[in-house]
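**Q**
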Amino acid sequence: MSDPSAAPVRAFRFTGRWQDYAPIAFTNLLLTIVTLGIYTFWGRARTRRYLWSRTRFIDDRLEYTGTGLELFLGYVIAFFVIVLPFGIVNLAIQGTLMRGHQGAAAVTGMIVYLAILYLVGVARFRALRYRLSRTYWHGIRGGSSQAGLGYGWRYFWQTIVATFTVYLLMPWSMVRLWNQRWNAMSFGSLPFRSHARWQPVFGRFLLFYLLPVILFGAVALLVAAIGFSGGFDGPRSTVPSPGMVLAIALGGLAFYIVFFGVLGLIAMTFYAAFFREAVGATSLGSLDFGFEATTRDWILLYLGNLALVVVTFGIGAIFLQYRNWAFFIRHLNAYGEIAVDDLLQSRERAPGQGEGLLDAFDVGAF
9 MSDPSAAPVR AFRFTGRWQD YAPIAFTNLL LTIVTLGIYT FWGRARTRRY
59 LWSRTRFIDD RLEYTGTGLE LFLGYVIAFF VIVLPFGIVN LAIQGTLMRG
109 HQGAAAVTGM IVYLAILYLV GVARFRALRY RLSRTYWHGI RGGSSQAGLG
159 YGWRYFWQTI VATFTVYLLM PWSMVRLWNQ RWNAMSFGSL PFRSHARWQP
209 VFGRFLLFYL LPVILFGAVA LLVAAIGFSG GFDGPRSTVP SPGMVLAIAL
259 GGLAFYIVFF GVLGLIAMTF YAAFFREAVG ATSLGSLDFG FEATTRDWIL
309 LYLGNLALVV VTFGIGAIFL QYRNWAFFIR HLNAYGEIAV DDLLQSRERA
359 PGQGEGLLDA FDVGAF
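Residue 9 is where the sequence shown starts when you use my numbering, and the numbers rise one by one after that.
#1: Can you say whether T320 is buried or exposed, counting buried as having 16 or more other CB atoms within 10 angstroms of its CB?
#2: Answer yes or no: do T73 and Y29 have a C-beta to C-beta separation smaller than 8 Å?
#3: Measuring only the C-alpha atoms, how far is A155 from F267?
#4: Across the segment 315-332 and the segment 276-283, are there enough close Cβ pairs to call them in contact, namely three or more that are closer than 8 Å?
#5: Would you kindly work out how many angstroms separate the C-alpha atoms of N341 and R64, rounded to a whole number?
#6: Cβ of V130 within 8 Å of Cβ of L92?
#7: When you compare only the Cα positions, how much space is there between I274 and R25?
#8: With C-beta atoms as the reference, is L140 less than 8 Å away from M193?
#9: Check each candidate in E78, D349, R62, I66 and name the one with the smallest Cα separation from G387.
#10: Would you kindly work out how many angstroms separate the C-alpha atoms of T303 and R205, rounded to a whole number?
#11: What do you reckon, is the C-beta of I85 under 7 Å from a heavy atom of the ligand GDP?
#12: Can you give the Cα-Cα distance for T40 and T55, rounded to whole angstroms?
#13: Within 10 angstroms of its Cβ, does Q166 collect 16 or more other Cβ (buried), or is it exposed?
#14: Taking all protein chains shown into account, decide if M106 is buried (16 or more other Cβ within 10 angstroms of its Cβ) or exposed.
#15: One question on the structure: do P208 and E285 come within less than 8 Å of each other, judged by their Cβ atoms?
#16: With DSSP collapsed to three states, give me the class of S141.
#17: Going straight from the alpha carbon of R132 to that of Y217, what length do you get?
Quick look at the structure:
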């Protein structure tokens, strides 16, 4: 007889411990230093193998089969095909400026920027496709039949639209791109489907968006009021007292802390709402996903990461990937049923290289 008071079994469970991960993290750090950064790719693959193997979905653990060599080759290819040519073009732009052709340099620079924006979209798509193709569950892997070129174009123009609205339409862009990226993915014979909406998260983003305007407006009104009241009048040779200087410095520090503290807090409320909406609108066959992290959970994660890095003088950063993955899996859930016997292997061709474009442009992903 089951206990009705027992906690329900979650679809996703993370069984890793930081004590078990620590030898991996410190070894990766030391080898990365010794090899002048080259071991980064092998360290990343090693970390993922540990995190995936400690993640259980329903009745089986995940398996990561990517290798450091794949990640390294992907980066090398992206460097010589993309980064190096862009570097040469940048030198040519500087030479054009020195010869006094500012207009030609500006046009060339704009073209380069737009090309990079397009390639960042392609990089995000291909990185997700690669990770899914190297993720196995019950011997089944994920992938995509698309190369990401079409997604790169959509990322390009939707980011441009958000920019031209002074980022007011950023939630619209983020949600649409999430849907388009996941609707192009599959796991085994089942396609992912996502129908997230931007309207439910726009209110929180608007609060985050308007806060700097309100704060700067309030400061401007305060300065203007002091000026009109003659607060800035007086002998120009008067030297401020040490107390006045200290008060001004403390006031500036307080404004900085309040501004970025409150802004960061509201940003957390937006991202909490965004992930709940985006993940909650994503499904795989008859499985519906959900993400249950609240704003408080995000704030605690951020403060914990910050404290870990500060207290350890930066060394604790090697544990951030572990903490972020554990946070994501422990708040991720799935509802519904999946017939493992009916789940066929993916017919999509697995990419041969890793996340080279993403590394080349230094674009992070959660």
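A virtual CB, placed ideally from N, CA and C, is assigned to each residue, including glycine.
Here the structure is a predicted model, which means the values were calculated and not measured.
**A** Answer, in terms of the structure:
#1: Along the sequence shown, read from residue 1 onward, the residue named residue 320 stands at position 312. The residue in question, T320, is exposed, as its Cβ has fewer than 16 Cβ neighbours within 10 Å.
#2: By one-based count along the sequence shown, residue 73 stands at place 65. By one-based count along the sequence shown, residue 29 stands at place 21. It is not a contact, given that the beta carbons lie outside the stated cut-off.
#3: Walking along the sequence shown from the start, residue 155 turns up at place 147. Walking along the sequence shown from the start, residue 267 turns up at place 259. Cα to Cα, the separation comes out at about 42 Å.
#4: no
#5: Taking the first residue of the sequence shown as position 1, residue 341 is located at position 333. Taking the first residue of the sequence shown as position 1, residue 64 is located at position 56. Near 11 Å, if we compare the C-alpha coordinates of R64 and N341.
#6: Here residue 130 refers to the residue found at position 122 when the sequence shown is read from its first residue. Here residue 92 refers to the residue found at position 84 when the sequence shown is read from its first residue. No, the Cβ-Cβ distance between V130 and L92 is not below 8 Å.
#7: Taking the sequence shown and counting its residues from 1, one reaches residue 274 at position 266. Taking the sequence shown and counting its residues from 1, one reaches residue 25 at position 17. Whole-angstrom Cα-Cα distance: 31 Å.
#8: By 1-based counting over the sequence shown, the position of residue 140 is 132. By 1-based counting over the sequence shown, the position of residue 193 is 185. Contact flag set, yes.
#9: Outside the shown range of the chain (9 to 374) lies residue 387, about which nothing can therefore be said.
#10: As a working note, residue 303 is residue 295 in the sequence shown. As a working note, residue 205 is residue 197 in the sequence shown. Answer to the nearest angstrom: the Cα atoms are 19 Å apart.
#11: In the structure on display, the ligand GDP does not appear, and there are no ligands present to speak of.
#12: What you label residue 40 is simply residue 32 of the sequence shown in a count that begins at 1. What you label residue 55 is simply residue 47 of the sequence shown in a count that begins at 1. For T40 and T55, the distance between alpha carbons rounds to 13 Å.
#13: Looking up residue 166 in the sequence shown gives position 158. Buried: at least 16 other Cβ atoms inside 10 Å.
#14: By 1-based counting over the sequence shown, the position of residue 106 is 98. M106 comes out exposed.
#15: Numbered from 1 along the sequence shown, position 200 holds the residue referred to as residue 208. Numbered from 1 along the sequence shown, position 277 holds the residue referred to as residue 285. Yes; because the gap between Cβ atoms is below 8 Å, this pair is in contact.
#16: For this step, residue 141 is matched to residue 133 along the sequence shown. DSSP places S141 in helix when its eight states are reduced to three.
#17: As a first step, residue 132 is located in the sequence shown; it is residue number 124 there, counting from the start. As a first step, residue 217 is located in the sequence shown; it is residue number 209 there, counting from the start. About 25 Å.
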